[in-house]
Amino acid sequence: MSDYPNAVRRAFRYWPKLLLSQFSQRGEAMLEHEERRRFIRMQTQCKMSFRFPQSDEEFSATCQNLSGAGVMFTTDHPVEPGRALEIRIEPANAVTPPLEAFVEVLRVEKKDGEYAVAAEIKGIKS
Numbered sequence: 002m003s004d005y006p007n008a009v010r011r012a013f014r015y016w017p018k019l020l021l022s023q024f025s026q027r028g029e030a031m032l033e034h035e036e037r038r039r040f041i042r043m044q045t046q047c048k049m050s051f052r053f054p055q056s057d058e059e060f061s062a063t064c065q066n067l068s069g070a071g072v073m074f075t076t077d078h079p080v081e082p083g084r085a086l087e088i089r090i091e092p093a094n095a096v097t098p099p100l101e102a103f104v105e106v107l108r109v110e111k112k113d114g115e116y117a118v119a120a121e122i123k124g125i126k127s
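For the sequence shown, our numbering begins at 2 and goes up steadily by one.
1) Taking the CB atoms as reference points, tell me whether alanine 62 and threonine 45 lie closer together than 7 Å.
2) With 16 as the cutoff for other CB atoms within 10 Å, does alanine 95 come out buried or exposed?
3) With distances taken from CA atoms, which of Glu115, Lys111, Val104 and Cys47 is nearest glycine 69?
4) Between glutamate 29 and the rest of its own chain, which residues show a CB-CB distance below 7 Å, the 5 nearest in sequence each way excluded?
5) Could you tell me which uninterrupted alpha helix (DSSP H) segments, each at least 4 residues in length, are contained entirely in the segment 32-117, listed from first to last along the chain?
6) Of the residues Pro82, Ser127 and Val118, which one's Cα is nearest the Cα of methionine 165?
7) For isoleucine 125, which of Ala102, Val106, Lys112 and Leu107 has the nearest alpha-carbon?
8) Going by Cα to Cα distance, which pick from Pro82, Gln65, Ile90 and Gly71 is closest to phenylalanine 51?
9) For glutamate 121, which option in Pro92, Met73 and Phe60 has the closest C-alpha, if you only look at C-alpha atoms?
10) What would DSSP say about lysine 123, mapped onto helix, strand or coil?
Shown next, in the form of structure tokens:
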């Protein structure tokens, strides 16, 4: 694992527009910031996948938003709060490498046969 607290958190804090342009399908700067938040949340619609540790089966998902502390995605596969996942977010352009991280599921909301999953980033895969 890379030095997550120093490198990634600093990047998400100081360069959100640059990172957003790399991950946004449309390249639009859609930032949402609430004063009580430690990190800016970037709205995006990126393809992503996730898997459970020690499993080779991958499930598809769509990343809805991303910050230095967490990720929100939607999927048609059920996931339980408290579960550990490995995620891979694919940027819209081929220049930027995918973001691969370890996350812990915080909450899941089911709506219209789809699951909205909120997860905390625990580490970045190197």
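All C-beta atoms in this analysis are idealised placements derived from N, C-alpha and C, irrespective of residue type, glycine included.
Please read all numbers here as calculations on a predicted model, not as lab measurements.
From the atom records:
1) no
2) Exposed, by the Cβ-count rule.
3) When only C-alpha atoms are compared, the closest one is Val104.
4) At glutamate 29 the pLDDT is 44, less than 50, meaning the model places this residue with poor confidence; the figure from the coordinates comes in the next sentence. So no residue of the chain qualifies.
5) none
6) Nothing can be reported for residue 165: it is not among the residues displayed for the chain, which extend from 2 to 127.
7) Ala102
8) Ile90
9) Minimum Cα-Cα distance from glutamate 121 among the listed residues Pro92, Met73 and Phe60 corresponds to Met73.
10) strand
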